[in-house]
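**Q** As given, the protein sequences belong to chains A and B, one line each in that order.
When the first sequence is numbered by this note's numbering, its final residue is 472 and no position is left out of the sequence of numbers.
When the second sequence is numbered by this note's numbering, its final residue is 179 and no position is left out of the sequence of numbers.
Each residue gets a CB set at the ideal place from its N, CA and C atoms; glycine is no exception.
Since the structure is predicted, the reported quantities are computational estimates derived from the model, not experimental observations.
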Amino acid sequence: MDPLNPLAPPSEGPEAIHKVPATPPVIAPGHTFGTVTDKISSIVLTRKTPLGWWLGFGLASMFTFLLMMSLTYLVVKGIGIWGNNIPVGWAFDITNFVWWIGIGHAGTLISAILLLLKQTWRTSINRFAEAMTLFAVACAGIFPLFHTGRPWLAYWLIPYPNTMNVWPQFRSPLIWDVFAVSTYATVSALFWFVGLIPDLATLRDRSQSRAGRVIYGMLAMGWRGSSHHWHRYETAYLLLAGLATPLVVSVHTVVSFDFAISILPGWHTTIFPPYFVAGAIYSGFAMVLTLAIPIRAVYGLEDFITMRHIQNMAKVMLVTGLIVAYGYGVEAFMAWYSADKFESFVPLNRFTGPYWPFYWGLLACNIVLVQSLWIRRVRTNVVVLFIIALIVNVGMWLERFIIIVTSLHRDFAPSSWGMFNATFWDWSTYFGTIGLFLALLFLFLRFLPMISIAEMRAILPEARLDDDIRVI
Amino acid sequence: MATRSSIYGLMAEFDDPAALVTAAQRARQDGYSCMDGYAPYPIEELHHALGSPTTRLPLVVLIGGLLGCGGGYAMQYWMSAVAYPLNIGGKPLHSWPAFIPVTFECTILAAALSAVLGMLALNGLPQPYHPVFNVPRFALASRNRFFLCIEAADPKFDLEQTRRFLETLNPREVSTVAD
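1. CA-CA distance, proline 155 of chain B and threonine 162 of chain B?
2. According to the Cβ coordinates, are arginine 206 of chain A and serine 41 of chain A closer than 7 Å?
3. Could you pull the start and end residues of the beta strand (DSSP E) that serine 52 of chain B belongs to?
4. Could you give the distance in angstroms between the alpha-carbon of methionine 473 of chain A and the alpha-carbon of leucine 460 of chain A?
5. For serine 250 of chain A, which residues of its own chain have a beta-carbon under 7 Å away from its beta-carbon, when the five flanking residues on both sides are left out?
6. Chain A beta carbons: is any one of them nearer than 7 Å to that of glutamate 13 of chain B?
7. Check each candidate in B/Ala24, B/Ser175, B/Arg143 and B/Gly68 and name the one with the smallest Cα separation from leucine 50 of chain B.
8. From the beta carbon of alanine 178 of chain B, is the nearest beta carbon of chain A less than 7 Å away?
9. Counting only beta-carbon atoms, is leucine 247 of chain A nearer than 7 Å to chain B?
10. Measure the C-alpha to C-alpha separation of methionine 35 of chain B and alanine 121 of chain B and round it to an integer number of angstroms.
11. How many angstroms separate the CA atom of cysteine 106 of chain B from the CA atom of tryptophan 374 of chain A?
12. Does the separation of the CB atoms of serine 256 of chain A and phenylalanine 276 of chain A fall below 7 Å?
13. For chain B, check one thing: does any of its Cβ atoms lie closer than 7 Å to the Cβ of glutamate 234 of chain A?
14. Assuming alanine 141 of chain B contacts tyrosine 38 of chain B (C-beta within less than 8 Å), just tell me the rounded distance between them.
15. Can the beta-carbon of leucine 109 of chain A be found closer than 7 Å to that of isoleucine 281 of chain A?
16. If we count the other Cβ atoms within 10 Å of its Cβ and call it buried at 16 or more, is glutamine 76 of chain B buried or exposed?
17. Keeping to the same chain, check which residues put their C-beta closer than 7 Å to that of phenylalanine 401 of chain A; ignore five residues upstream and five downstream.
18. Does chain B have any CB closer than 7 Å to the CB of serine 226 of chain A?
19. Jot down the residue ranges of each uninterrupted beta strand (DSSP E) in the stretch 109–152 of chain A, minimum 3 residues, whole runs only, in chain order.
20. Kindly indicate which residue of A/Arg457, A/Met456 and A/Phe420 has the alpha-carbon position closest to the one of proline 87 of chain A.
21. Helix, strand or coil for methionine 492 of chain A per DSSP?
22. Can you tell me the Cα-Cα spacing of methionine 62 of chain A and alanine 439 of chain A, whole angstroms?
23. Can you find a CB in chain A that lies within less than 7 Å of the CB of serine 142 of chain B?
24. Could you say which of B/Ala115, B/Pro126 and B/Ala18 lies nearest to alanine 220 of chain A if we only look at CA atoms?
25. Helix, strand or coil: how does DSSP classify glycine 68 of chain B here?
26. Report the neighbours of methionine 221 of chain A on chain B: residues whose CB is nearer than 8 Å to its CB, in chain order.
27. So, do the stretch 435–455 of chain A and the stretch 121–137 of chain A have three or more beta carbon pairs nearer to each other than 8 Å?
28. For a contact meaning CB atoms closer than 7 Å, what does phenylalanine 99 of chain B contact in chain D?
29. Can you list the residues of chain B that glutamate 130 of chain A reaches, using a CB-CB cut of under 9 Å?
30. Taking only beta-carbon positions, decide if glutamine 76 of chain B is within less than 7 Å of chain A.
31. At a CB-CB cut-off below 7 Å, which residues of chain B make contact with glycine 34 of chain A?
32. Taking the DSSP output, what are the residues bridged to phenylalanine 147 of chain B?
33. Quick one: what does DSSP say serine 175 of chain B is sitting in, helix, strand or coil?
34. Can a CB atom of chain B be found closer than 7 Å to the CB of threonine 406 of chain A?
35. Can you tell me whether valine 316 of chain A sits near the ligand NAD, meaning its C-beta is under 6 Å from at least one heavy atom of the ligand?
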């Protein structure tokens, strides 16, 4: 690949002899500053809202109402409406919390880590992947918040001077989680908003309606594209990426500490932090693909979200899927190698215990199926990829369910064993958050540019300066 | 005609980034110092061509991060060992390994807030009014046009001469920016 122009398809070099199919470009040829700006901003400003948007938003809103009803009923009756009870004190709530947080991680990976690694292809997917992060974290936050049982007292988790003279317990991983997740939510929101500022200025300048000019104008804060401003902006953006990179690794590490710090067999293991982070990225990329494939088709964005993006995401899924498979292997190996009968009972119980269909289902979804991504024809078929991504989402949900429920339901003393059965309200809260997530995403697609216009301009061939200018 | 005090500067409009960078270089060679370039995306070469100093933002972020780090740790120490000492599983009151995750998160949070608020503050944003928006064509600065504005505050600024100078740079148009 030409290092100066990552957009150009690879030249006919020696590899052409081996008939390697050409890598698709990051942006379809023929685009200019003007066309990129117009195409992306028209989705928000001028184009008619597609019928699919109304149907999707309507359906997502119905599930959001289901969430509201479920949470209202929960506040009225207490968390007894959920199926979790001793010994399974954590079930759907924490499963869903970990699942949603994990999904968010791909957004930060794409926006921060791939930026630091100078992966140009991230540009057209980072904006909506970051939006996905924010909405996923919002959905995640609902579960621990309501699992406290008294969500109106959740501010007790924050260290603030109070008349009870009580302070949070900083030796507990649960308070680490409060700090990790709230920092993650804040930094993700900042990163997303900073990225939006120049595009909000574009929308302000291009909006035909007064309301649009006023609202986008206030959000753009008077951005005028000054060279001095861009310089500080770029510095801030790069620093944020550098800060978000260790942050995203720390967040799922801390989430895994919620389990690993305890002494419960199945939880008390050192493989958890790396295995949780890999699993998070795995599920997150599956969710980005689940969203990107229909969005590019509905909005006709095949020029910007090209097959290059789709294939790269499929490859990231394959790699992280293999790390997750390694994690399962090590978990089972360590249980056997520990020669501890409680530890070695955990995998046995997962393979053959009452929840065996979930465990085998998880292996099929997360390990077996994803191996098909080794085949190029699968990676280039969007319909098949969409289905695989959906199944990986299910598989990663099952993984968290297995980790949480099967470890809790049979611990040391058989006299304290029990079973967990989900209730209607468990399911309704879960599907409700999916509705909330999608409803927020639909609003985002309608009112904000889903692709970073400023960053797209910068990677156009037009933006390349001649070498005599570059030297100075 | 507008008097000098009511003029913010003169603005030349260009079609492509190379023309703007060249124009900025020429203006600097010609002795202008008080000017700014406007582009729809960041151009590193433009920053160099204008001779602008490197930002102090990294220092702001470093200080923010260090304060977050120290503050986060001190908060945990004070709360766990001084204000509310509890014996948890026989661990020492100052059980520093347990304080690392929250210290780390506080560092990142404070540094990220410093990066964003510092960037906005150094850029003088939010700024509800700026004279460059008085030029109607400036709306294209956020689409596909490139602008160079030599400000009236420049010691070498002269309405006639500066306009003539800007005309030599092959702009699409030179407009007067009202203050």
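**A** Let me spell this out:
1. 11 Å
2. yes
3. Element bounds for serine 52 of chain B: n/a, residue is neither H nor E.
4. Residue 473 of chain A lies beyond the stretch modelled for chain A, which goes from 1 to 472, so this question has no answer here.
5. Non-local beta-carbon contacts of serine 250 of chain A in its own chain, meaning distances under 7 Å to residues more than five positions away in sequence, involve Ala180 in chain order.
6. Using a CB distance cut-off of 7 Å, glutamate 13 of chain B does not count as an interface residue toward chain A.
7. Out of B/Ala24, B/Ser175, B/Arg143 and B/Gly68, B/Ala24 has the C-alpha closest to the C-alpha of leucine 50 of chain B.
8. no
9. Answer yes: the Cβ-Cβ gap between leucine 247 of chain A and chain B drops below 7 Å somewhere.
10. 20 Å
11. 41 Å
12. yes
13. yes
14. 5 Å
15. yes
16. buried
17. Thr95 and Phe358
18. yes
19. none
20. A/Phe420
21. In the structure as shown, chain A starts at 1 and stops at 472, and residue 492 of chain A therefore has no counterpart that could be examined.
22. Looking at the two C-alpha atoms, the distance is approximately 9 Å.
23. yes
24. B/Pro126
25. The three-state secondary structure of glycine 68 of chain B, taken from DSSP, is helix.
26. Leu120, Leu125, Pro126 and Gln127
27. yes
28. Absent from the structure is chain D; the protein chains it does hold are A and B.
29. Result: empty, since nearest Cβ-Cβ is about 14 Å, beyond 9 Å.
30. Taking Cβ atoms only, chain A reaches closer than 7 Å to glutamine 76 of chain B, which makes this a yes.
31. Arg143 and Asn144
32. B/Glu13 and B/Tyr38
33. strand
34. So, not an interface residue.
35. With respect to small molecules bound, the structure shown includes none, and the ligand NAD cannot be examined in it.
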